[in-house]
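Input: a single structure, listed below in structure tokens.
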Amino acid sequence: MIERLNPYSFNNLIRNKSLQNFIFLATIQASNVVISLITIPLLIQSIGVDQFGLVNLALSVIVLCNILVGFGYNLSAPREVAINHQNKEALSHLVSNIIGSKVLMAFFATLGIGVAIFGLGMFKEYQWILLFSVLLLFSEATLPLWFFQGMEKMKLISIANIFSKLLFLMGLVLFIHSPEQAKWVNFIMGGAGLGINMLLLLYIHYQLNIKFYKPKFIQLFTSLHENGLLFLSNLASHISINGGLIILSFFSTAEILGMFSLAERISMVLRIFPSLVIQAIYPNASRLLQSDLPQFIRFIKKVYGISLLLGLLGSLTTFTLAPFIIQVLSKSELEESVVFMKVLAFLPFLACLNIANVIIFLVKDQKNLMFKSSWLMFIYMISASLILTSQFGALGLCYALLSTEVIVLLISTVLNWIYNKPLVLSIARTF
């Protein structure tokens with residue numbers, strides 16, 4: 007009986023669409039991390055630490071603008087696609103409206119960057135690097151990740167993402183050899199992504215029979231209006247987590263920016279861990295909350311405990327190996343980068359502390375609490391970062407980012423105590 011049951015259970019597990027989606031999403035993240043780690047020493051050797059810092063600074067501005075381009079569709083669009091996946095006509099209009107809205111936002115973001123550069127004289131040290139980086143906005147606008155998530159067909163886009171990153175890496179090897187070529191780094195990344203995305207859209211049109219319509223303005227406006235709250239939440243969260251480099255640029259030199267961005271990139275890679283944990287357990291936690299509260303509590307406690315243990319282990323390992331990691335990635339001894347990295351090493355562990363709070367918000371569909379916590383976190387992060395960076399430079403920024411994770415933990419805990427007190431007490435009684 008056991009011999010027959012085990013293969014059957016294993017096959018069912020492998021065929022589970024949610025598990026497959028998670029595996030392919032994890033593959034996308036892993037490929038991004040690997041390519042990022044490969045490109046760090048490659049770029050530092052070819053364009054130098056100072057230009058590497060400016061390239062990353064321009065990328066930070068573009069990634070921030072991509073929040074405008076994405077406009078919350080990464081959260082809402084997969085659900086809409088899943089609901090309409092058998093209705094080709096409705097799906098065609100949905101895809102057309104979303105792509106149209108995102109491309110429109112990309113044009114607005116490009117216009118804003120152009121006005122900031124040529125009209126206001128901003129971003130003086132890296133104007134041309136930033137201008138050549140706007141292609142990344144249109145790469146984001148045409149990325150149909152949300153479509154394949156909703157259709158539960160993630161294999162193709164995960165392969166396409168890997169191929170895009172390999173094209174980017176090949177472009178760096180072939181064309182980037184001196185500091186003067188730094189402006190082409192993000193351009194190559196955007197070009198590779200945009201080219202692959204256009205092929206994916208052709209696949210959607212010809213293989214999946216999805217038509218592309220010219221969306222009407224009222225349809226675009228309605229679509230954007232419905233995603234306003236999600237956009238604002240994403241914007242606040244992103245700035246709070248990734249806005250440090252931009253703030254540092256107002257107080258430090260390009261060399262310090264380069265050394266800080268090297269340490270920050272490693273910490274941000276590790277910070278993906280709590281996000282992946284939340285994405286992995288969210289569906290099962292939602293079902294357990296509806297059907298079996300005691301099992302939900304046991305499940306959350308188990309995952310939370312394991313996550314904290316792994317997060318602490320990862321942070322301590324990063325702290326201990328910081329000199330070796332910086333040496334390997336930069337091919338030189340950057341003592342200030344080592345100091346920054348040792349402080350930022352504890353970001354992943356502090357982020358893991360908030361996993362339980364975020365899961366409760368999600369399983370109870372409390373978008374308003376997510377919105378409140380993200381904007382309170384944003385206000386604190388900006389204030390603390392400006393004050394500490396102006397007084398203590400990059401090291402002050404490191405401590406501001408650490409304290410932001412503590413503050414959002416306190417904010418989320420208070421919100422859960424106010425709005426979800428019975429559930430919080432039920433969990434607390436089991437300890």
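Residue numbering for the sequence shown follows our numbering, starting at 7 and increasing by one per position.
The C-beta atom is built at its ideal place from N, Cα and C for all residues, glycine as well.
Since we're looking at a predicted model, the values are computed, not measured.
Since residue i contacts residue j with CB under 8 angstroms, what's their CB separation in whole angstroms?
i	j	result
Leu143	Ile68	7 angstroms
Leu141	Leu200	6 angstroms
Met157	Val101	Not confirmed; about 11 angstroms, so no contact.
Met265	Glu342	5 angstroms
Ile123	Ala188	The pair is not a contact, with the Cβ atoms about 16 angstroms apart (cut-off 8 angstroms).
Ala390	Ser409	6 angstroms
Ser6	Val275	The first residue shown for the chain is 7 and the last is 437, placing residue 6 beyond what the model contains.
Leu394	Ala406	4 angstroms
Leu392	Ile417	Not confirmed; about 19 angstroms, so no contact.
Phe325	Lys348	5 angstroms
Leu63	Tyr132	6 angstroms
Pro185	Gly54	5 angstroms
Ile202	Phe153	No, Ile202 and Phe153 are not in contact; Cβ-Cβ is about 14 angstroms, not under 8 angstroms.
Check this for me: beta carbons of residue i and residue j, under 8 angstroms apart or not?
i	j	result
Thr419	Ile303	no
Ile365	Asn422	no
Ser98	Lys222	no
Ile163	Leu207	no
Lys171	Ser37	yes
Glu411	Leu350	no
Val369	Ala291	yes
Asn192	Gly76	no
Met195	Thr148	no
Ser52	His183	yes
Leu175	Ile44	yes
Phe257	Gly399	yes
Val380	Ala242	In the sequence under discussion, the amino acid at residue 380 is Ser, which differs from the Val named in the question. Cβ atoms of Ser380 and Ala242: closer than 8 angstroms.
Leu401	Phe346	yes
Ile278	Gln92	no
Leu299	Ser432	yes
Leu254	Leu403	yes
Using a 10 Å radius around the Cβ and a threshold of 16 neighbouring Cβ atoms, would you call residue i buried or exposed?
i	result
Tyr386	buried
Val283	buried
Met111	buried
Pro280	buried
Val121	exposed
Ile424	exposed
Gly127	exposed
Gln296	exposed
Lys427	exposed
Asn363	buried
Lys108	buried
Helix or strand or just coil, what does DSSP make of residue i?
i	result
Trp423	helix
Phe77	coil
Tyr209	helix
Ala115	helix
Arg277	helix
Ser139	coil
Gly249	coil
Gly127	coil
Arg271	helix
Leu11	Legend: pLDDT at Leu11 = 39, less than 50; position of this residue unreliable, value from coordinates given subsequently. Correct three-state label for Leu11: helix.
His231	helix
Pro428	helix
Asn192	helix
Glu341	helix
Ile433	helix
Leu368	helix
His183	coil
Pro150	coil
Tyr219	coil
His91	coil
Spatial neighbours of residue i within its chain, please: CB distance less than 8 angstroms, with the 5 preceding and 5 following residues excluded, ordered by chain position.
i	result
Val179	Leu48
Leu11	Confidence at Leu11 is low in this model, with a pLDDT of 39, below 50, so its placement is unreliable and no value can be given for it.
Tyr219	Ser98, His99 and Ser102
His211	Lys217 and Phe218
Gln2	Beyond the ends of the chain as shown, which are 7 and 437, falls residue 2; an answer cannot be given.
Phe114	Leu74
His244	Val69, Leu70 and Ile73
Counting only the same chain and skipping the five closest in sequence on each side, list residues whose C-beta sits under 7 angstroms from that of residue i.
i	result
Thr116	Val140 and Leu143
Ile361	Pro280, Val283, Ile284, Tyr310 and Ser313
Asn90	Ala96, Leu97 and Leu100
Asn215	Lys94
Thr33	Ser164
Sorted by chain position, which residues of the same chain lie with C-beta nearer than 6 angstroms to residue i's C-beta, five sequence neighbours on each side aside?
i	result
Cys358	Pro280, Ser313, Leu314 and Gly317
Ile46	Leu335
Ile287	Val309
Ile104	Tyr79 and Ala83
Gly177	Ile194
Check the Cβ-Cβ distances between residue i and every residue of chain C, and say whether any is below 8 angstroms.
i	result
His91	Here there is only one protein chain, and chain C is not present.
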